[in-house]
Amino acid sequence: MQGGDIVIGSTLVFDLETKRLAQEVGGWSNIDKLGLAAAVLLVVETDETHRFVEQDAEELIGQLLKADQVVGFNIVRFDYQVLRPYGLTPGPDLIGRTVDLLDHIYQSLGYRVSLDNLAEATLGERKSADGLAAVKWYREGKLDQVLDYCEQDVRITHRLWEYGRQNGQIKYRDREFGLHTLPVSW
5 MQGGDIVIGS TLVFDLETKR LAQEVGGWSN IDKLGLAAAV LLVVETDETH
55 RFVEQDAEEL IGQLLKADQV VGFNIVRFDY QVLRPYGLTP GPDLIGRTVD
105 LLDHIYQSLG YRVSLDNLAE ATLGERKSAD GLAAVKWYRE GKLDQVLDYC
155 EQDVRITHRL WEYGRQNGQI KYRDREFGLH TLPVSW
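The numbering used here numbers the first residue of the sequence shown as 5 and each following residue consecutively.
Take a look at the structure:
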């Protein structure tokens, strides 16, 4: 892990990147076979980031389990499932302390909206890449680039979460690029 100690009781914003693509492991029903390439935690109270690679998985899981709250984008259905082979069992206690922005959006709209869409519409910023690029960089041995990208996603997720908390809404574009406001209460 890179970074200082994480205070027990913190709110953590979390994202990870994988070693493989879904089609390489038999589809989305096998998320637990994707393998952890890199992960980043942001401690909301201090704005410090902590970087993890596969051999740090046990420490990463320990930090997630100690947090008062874990914030992320699609972390219940994706990130937590990637961590299952490393020992994470996302039970009711962890799920109850998790704010999954995508889950809130899906519950409201009935369909999924990408982090890039929400960030552009709400914050006026775009992601620098996507998970496909992160897998490519991992395979090329560019782990620092994967970690930088992962940290950027964590910071965008944090700003989106904070915007929603402060304003009670976020924005998104529909398939015809119309701008909409979505009330949120996270």
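From the three backbone atoms N, C-alpha and C, an ideal C-beta is built for every residue, glycine too.
By Cβ distance, which residues of its chain are closer than 6 angstroms to residue i, with the 5 residues on each side in sequence left out?
i, result
"residue 155", "44 and 53"
"residue 42", "21, 57, 150, 151 and 154"
Counting along the chain, where does the alpha helix (DSSP H) carrying residue i start and finish?
i, result
"residue 139", "135–143"
"residue 158", "147–171"
"residue 183", "Per DSSP, residue 183 belongs to no alpha helix (DSSP H); it is in the beta strand (DSSP E), 183–187."
"residue 63", "61–70"
Grab me the residues of residue i's own chain with a C-beta within less than 7 angstroms of its C-beta, minus the 5 sequence neighbours each way, in chain order.
i, result
"residue 130", "120, 123 and 124"
"residue 65", "87, 90, 91 and 92"
"residue 176", "117, 121, 122, 125, 184 and 186"
"residue 169", "190"
"residue 78", "104 and 106"
If residue i and residue j are in contact, beta carbons under 8 angstroms, what's the gap, nearest whole angstrom?
i, j, result
"residue 157", "residue 86", "Incorrect: roughly 14 angstroms between the Cβ atoms, too far for contact."
"residue 174", "residue 186", "6 angstroms"
"residue 25", "residue 162", "At roughly 26 angstroms, the Cβ-Cβ gap does not stay under 8 angstroms, so residue 25 and residue 162 are not in contact."
"residue 104", "residue 80", "5 angstroms"
"residue 141", "residue 165", "Not a contact, Cβ separation roughly 26 angstroms."
Residue i lies in the beta strand (DSSP E); which residues open and close that run?
i, result
"residue 16", "15–22"
"residue 73", "73–76"
query: Is the stretch 59–79 in contact with the stretch 16–33, if contact means three or more CB pairs nearer than 8 angstroms?
result: Pairwise C-beta distances place the stretch 59–79 in contact with the stretch 16–33, as three or more of them are shorter than 8 angstroms.
task: With a floor of 4 residues, list each alpha helix (DSSP H) that falls wholly inside the stretch 86–125, ordered by position along the chain.
output: For the stretch 86–125, whole alpha helix (DSSP H) runs of length 4 or above, ordered along the chain, are 96–100 and 105–113.
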